[in-house]
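S.K.: Here's a structure for you.
In structure tokens form, the structure reads like this:
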């Protein structure tokens, strides 16, 4: 039975002095209960101190794990035995630790808790029925396990390495696989890792804290964080990767920072949480206000450093800085820091967007109703650097704006020509005062629903009000 623990260790069920159930090494691998933690006098609030093994005692109870010794119950019942070993489990008896009873019942059948080798039955009654010698401390159990490991020519490290995917045999063995899976899910594993990183120390001790496995744990944590960060940055890469080298209007208008932040939180939770906690000092760890936009900027800078194609935010900031009057030197400085694009790229992109906008306007003029407004402008060019031609100069130009009404009906192509004909006819046949009065009466009749009397009355009232308003000494608001 090389490489397996003896039978007296497997079916051990323990109880704390505070009546807390503890299974040291059973099928479910349940150690100390996760909802009850050991409080202690250690000065570190994150570490819980245990006063010692003196209060921890347990009773041997074979009933809870009797299925381990009930013979072959399935294809993996004998998987814990070494290759070529007998399929029957060898039982070792310690008459000083357990109480024996008659192994057979009145019917001549084997007792349900009897040893298959000698037929003796173990007493699984209450704690008070066991002798005083059956009570063991946790230290005694640990010492017995250490002795067994030494008898198998193993060390604790080699035993754990073999248990945790040591070789193909350990991987394929069903019983080892079950114990390994239970150990990986046990609630004491996080506390065990914390203890390895920061071993406990008595508050009355004036010595330095034991080193433990601090160096190994920190190197391992560094490796894990780097691996997770690279993996999550790879998941964020599609979110920040631009569609192409040329900048378009859609690239600027479709970028939503709030949606981008939500996607980053979902794809890179570890990296986002790490940067989020680092952005807040320890004194303000409970403050709800979080500089999420700063974390977003940091991640975008990291992605831009990994690949210059991940530049969606850098493009947006570059165009913003350009139209806010940032100089070319300033753009190049921010580009070196990974915050913005270069000044040359920004200038070329602005020219590209301008030419695309002009082409779009030219196409809309032919397909939608539009009108144009323009005016003359004077621009002054000043020179602030020291050069020979340091005098500024002025120039004139024309600024125009095209207004496109996409939901309006398309105007007739001959509307401009018809307008010219009407203007020419009006210049040849000018309008008189009588024509103005007739047009006013006609308009009044149309507004009155076709009543001619109301139209005449409306015209007379208009003349009277005009005379009163223009009269001297009469002020009407």
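Residue numbers (the UniProt record's numbering): 1 to 477.
Beta carbons are placed, not taken as given, at the ideal position from N, Cα and C, and that holds for glycine.
The beta strand (DSSP E) spanning residue 372 covers which residue range?
M.R.: Taken as a continuous stretch (DSSP letters only), the beta strand (DSSP E) holding residue 372 covers 369 to 381.
S.K.: Counting only C-beta atoms, is residue 204 closer than 8 Å to chain B at any point?
M.R.: As a matter of chain content, chain B is missing from the structure shown, which is built from one protein chain.
S.K.: Leaving out five residues on either side along the sequence, give the residues of the same chain with a beta carbon under 8 Å from the beta carbon of residue 235.
M.R.: Once the five neighbours on either side are set aside, the close Cβ partners of residue 235 are 267 and 268.
S.K.: Tell me whether the segment 371 to 382 and the segment 399 to 406 touch, counting them as touching only if at least three CB pairs, one residue from each stretch, are closer than 8 Å.
M.R.: Yes, the segment 371 to 382 is in contact with the segment 399 to 406.
S.K.: Could you check what DSSP says for residue 136 in three-state terms: helix, strand or coil?
M.R.: Three-state DSSP puts residue 136 in a strand.
S.K.: Considering only DSSP beta bridges, list what residue 404 is partnered with.
M.R.: BP columns for residue 404 point to 370.
S.K.: Could you work out which residue in 207, 364 and 309 is closest to residue 238 when comparing CA atoms only?
M.R.: That would be 309, whose Cα lies nearest to the Cα of residue 238.
S.K.: Applying the criterion that 16 or more other CB atoms from any shown protein chain within 10 Å of the CB defines a buried residue, is residue 314 buried or exposed?
M.R.: When all chains shown are included, residue 314 counts as buried.
S.K.: Just the Cα atoms here: how many angstroms apart are residue 464 and residue 431?
M.R.: Near 24 Å, if we compare the C-alpha coordinates of residue 431 and residue 464.
S.K.: Taking C-alpha atoms, which residue in 316, 279, 356 and 294 lies nearest to residue 509?
M.R.: Since the first residue of the chain shown is 1 and the last is 477, residue 509 is not available in this structure.
S.K.: Need the endpoints of the alpha helix (DSSP H) that residue 184 sits in, please.
M.R.: Segment 174 to 185, the alpha helix (DSSP H) holding residue 184.
S.K.: Quick one: using the 10 Å Cβ neighbour count with 16 as the cut-off for buried, is residue 230 buried or exposed?
M.R.: Under this definition residue 230 is an exposed residue.
S.K.: Starting from the C-beta of residue 213, find all residues in its chain whose C-beta is less than 8 Å away, skip the five residues before and the five after it, and write them out in chain order.
M.R.: Excluding positions up to five away in sequence, the list reads 196 and 197.
S.K.: Classify residue 461: buried if its beta carbon has 16 or more other beta carbons within 10 angstroms, exposed otherwise.
M.R.: Classification of residue 461: exposed, given that the 10 Å Cβ count is below 16.
S.K.: Where does residue 150 fall in DSSP's three states?
M.R.: The answer is helix: DSSP assigns residue 150 an H, G or I state.
S.K.: Can you tell me whether residue 304 is buried or exposed, with buried defined as 16 or more other CB within 10 angstroms of its CB?
M.R.: With 16 or more Cβ atoms within 10 Å of its Cβ, residue 304 is classed as buried.
S.K.: Within the chosen definition, does the segment 353 to 367 reach the segment 323 to 338 through at least 3 CB pairs nearer than 8 Å?
M.R.: Segments in contact, no.
S.K.: When you compare only the Cα positions, how much space is there between residue 343 and residue 325?
M.R.: Their backbone Cα atoms lie some 12 Å apart in a straight line.
S.K.: Taking all protein chains shown into account, do 16 or more other C-beta atoms lie within 10 angstroms of the C-beta of residue 207, making it buried, or fewer, making it exposed?
M.R.: So residue 207 ends up on the exposed side.
S.K.: Taking the C-alpha atoms as reference points, what is the distance between residue 379 and residue 358?
M.R.: Residue 379 and residue 358: Cα-Cα distance of roughly 22 Å.
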